[in-house]
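Report on the structure given below.
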Amino acid sequence: GFDDWNKKLDAVVFQAKLGDAAKTIGQKVRRIRAIVAALGGTATALRAAELCKADLASGAVGEFPELQGVMGKHYAAIAGEDAKVAQAIEQHWWPKGQGAPLPESAEAALVAVADRVDTLVGCFATGLIPSGNADPLGLRRAAIGVLAILLAQPTHTIDQVIDASVTAYGGSVTLSKDARAQLDEFFRARLRGILVDEENLDAQTVEVALAVGAGNPTDARSGARGLAIVPP
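Counting in the working numbering, the sequence shown runs from 125 upward without gaps.
Below is the structure:
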């Protein structure tokens, strides 16, 4: 059941470099819930956050990792959880790649953002920053996922979600000023790629819009669209 599985997650290491106060998946789950709470998540979103990783400790997902989230949804339904909670458990793993389906509900979207931004803040705080083409932790994919969700459901800014994550770590890791600047630029570069490559906006107008402010993805997109020169 979910309670036993969540207890087991306290012994499963997510990222050792985060230190003893933050390195397990169980600790990550509690941070995800704290981020969701800080961003105004509903009771449904909070419950989904509490249960979102529990199925990782189940035998089914242990044998078939590709079923993470899918099994969580089914276990939640069997346990009598609300259907929206079950959906959010599955869809907080979405998008599974660039251009893949996004979380459908606001609750699933919020848990998905919280999960990814927790990973990004923790890794940048501890120096685990992608270099060149190397990205073994999938941080570029995580940032693109956050941006895609925020562009589809514009409820929060990048600054808000990063700040909520920093607070959720509670000082167990510290995001220095330099690391924060690097993370901001990391998001900015991914947002530029989305606007230019996927939305076919002119690169120069995108740069102008991002220079005004890249912290709010929807504002940056609107600014770039407004600046675009439409041919006769």
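Positions of the beta carbon are idealized from the N, C-alpha and C atoms, including for glycine.
Looking at the backbone, the Cα of E228 and that of A184 are separated by about 25 Å. Exposure of F188 is indicated by the presence of fewer than 16 other C-beta atoms within 10 angstroms of its C-beta. Annotation for A135: T148, G150 place their beta carbon closer than 8 Å to its own, counting only its chain and skipping 5 residues before and after. Under the three-state reduction of DSSP, A140 is assigned to helix. For T329, the secondary structure class from DSSP, reduced to helix, strand or coil, is helix. Cα atoms of R157 and A288: separation of roughly 11 Å, rounded to the nearest angstrom. Counting C-beta pairs closer than 8 Å gives fewer than three between the region 281-299 and the region 320-328, which falls short of the contact rule. Taking the CA atoms as reference points, A327 sits about 13 Å from G350. In this chain, the alpha helix (DSSP H) harbouring W129 covers 126-133.
Taking C-beta atoms under 8 Å as the contact rule, L307 and I286 qualify, at a distance of about 7 Å. Around the Cβ of A266, a 10 Å sphere holds 16 or more other Cβ atoms; the residue is buried. Between the C-alpha atoms of A146 and A338 there is a straight-line separation of about 29 Å. At least 8 Å separates the beta-carbon of K152 from that of T250.
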